[in-house]
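Notes follow once the structure below has been shown.
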Amino acid sequence: MTNSKQSESEIILELAKKRGALQFGKFQLSAGGTSSYYFDGRIITLDPEAGYHVAKAILPILKEC
């Protein structure tokens with residue numbers, strides 16, 4: 013479970029690593045280049061716990077619009 017003293021971004025990063033959304037290695041990009049990491053945002057936004065924290069992090073930004 014997550015620590016209540018962690019920021020939303022820290023919680024999201026932790027969950028991204030645990031859920032396999034953030035991977036490190038050598039990845040071939042569709043544009044032909046390479047990257048040392050890969051982030052699959054679908055995994056995080058569709059996961060109930062992680063999606064909650066993403067929404068919680070985005071809500072203050074949306075309120076400013």
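So for the sequence shown, the numbering used here puts the first residue at 13; every next one is plus one. Don't be surprised by glycine CBs; every beta carbon is placed ideally from N, CA and C. Values in this document were obtained by computation on a predicted structure and should not be read as measured data.
To the nearest angstrom, how far is it from the Cα of residue i to the Cα of residue j?
i, j, result
"S19", "L25", "10 Å"
"K75", "A43", "35 Å"
"Q57", "I70", "Inspection of the sequence shows that residue 57 is occupied by Thr rather than by Gln. Taking the straight line from one Cα to the other gives about 12 Å."
"P72", "G63", "15 Å"
Assuming residue i and residue j are in contact, meaning their beta carbons sit under 8 Å apart, how far apart are those beta carbons, in whole angstroms?
i, j, result
"L27", "E61", "7 Å"
Can you tell me which of the options puts its alpha carbon nearest to the alpha carbon of residue i?
i, options, result
"F51", "R31, G44, K17, E22", "R31"
"F36", "S42, K75, S48", "S48"
So, at 7 Å on beta carbons, what are the nonlocal neighbours of residue i in its own chain, with the 5 sequence-adjacent residues on each side left out?
i, result
"Q40", "T46"
"I55", "R31, G32, A33"
Quick one: residues in its chain with C-beta nearer than 8 Å to the C-beta of residue i, no 5 flanking neighbours on either side, listed in chain order?
i, result
"K68", "E20"
Enumerate in chain order the residues of its own chain whose CB-to-CB distance from residue i is below 6 Å, with the five nearest sequence positions on each side excluded.
i, result
"H65", "E20, I23, I24"
Note to self: If we require 3 or more residues per run, which beta strand (DSSP E) segments fall completely within the region 14-70?
What the structure shows: 34-40, 46-51
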